[in-house]
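Structure first, commentary second.
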Amino acid sequence: MADVIRVNYQALEDMARQCDAAAQRLVQSSTTAQKMANQMQNGALQGKPGETFSMALGIFASRVMKLSEKYREEAKDIRAAIQDMQRADQAAGQKF
């Protein structure tokens, strides 16, 4: 007996959209952190504390940007899986 695989394409597309939305929010957070780091470098907080905070914000911004890229990659992978499954459905349907 063949296994039955059922796919909720709408749910998968919703998941991909959520990943895209999360990626966009992370980009906004990264941009905000980078702006704050620039303000610190321009004298908003002077001395060693300002330099340290600015450096930490810069690291945070770059790591958040990498996380954003991973969410976009995940959305792309989900959409590719949807396409693969739809092609398999069509191929299986043509045999009947």
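To convert, take the position in the sequence shown, counting from 1, and add 844; that gives our numbering.
Glycine included, each C-beta is placed from N, C-alpha and C at the ideal position.
Close beta carbons around residue i, own chain, < 6 Å, minus the five adjacent residues each side
| i | result |
| --- | --- |
| GLN938 | none |
| MET884 | GLY894, PHE897, SER898 |
| VAL942 | Beyond the ends of the chain as shown, which are 845 and 940, falls residue 942; an answer cannot be given. |
Close-in-space but distant-in-sequence residues of the same chain around residue i (CB under 8 Å, 5 per side omitted)
| i | result |
| --- | --- |
| GLN878 | LEU901, GLY902, ALA905 |
Residue i classed as buried or exposed, judged by whether at least 16 other C-beta atoms fall within 10 angstroms
| i | result |
| --- | --- |
| CYS863 | buried |
| ALA919 | buried |
| ALA881 | buried |
Residue i versus the options, residue with shortest Cα-Cα distance
| i | options | result |
| --- | --- | --- |
| SER912 | ALA866, GLY894, PHE897, VAL851 | ALA866 |
| GLU917 | GLN872, GLN934, MET899, MET859 | MET859 |
| ALA855 | PHE897, ARG907, ARG923, LYS914 | ARG923 |
| VAL908 | ASN852, ARG850, ILE849, GLN872 | GLN872 |
Boundaries of the alpha helix (DSSP H) in which residue i is found, first to last residue
| i | result |
| --- | --- |
| GLY902 | 891-937 |
Contacting residues, own chain, Cβ-Cβ under 7 Å from residue i (five flanking each side not counted)
| i | result |
| --- | --- |
| TYR915 | CYS863, ALA866, ALA867, LEU870 |
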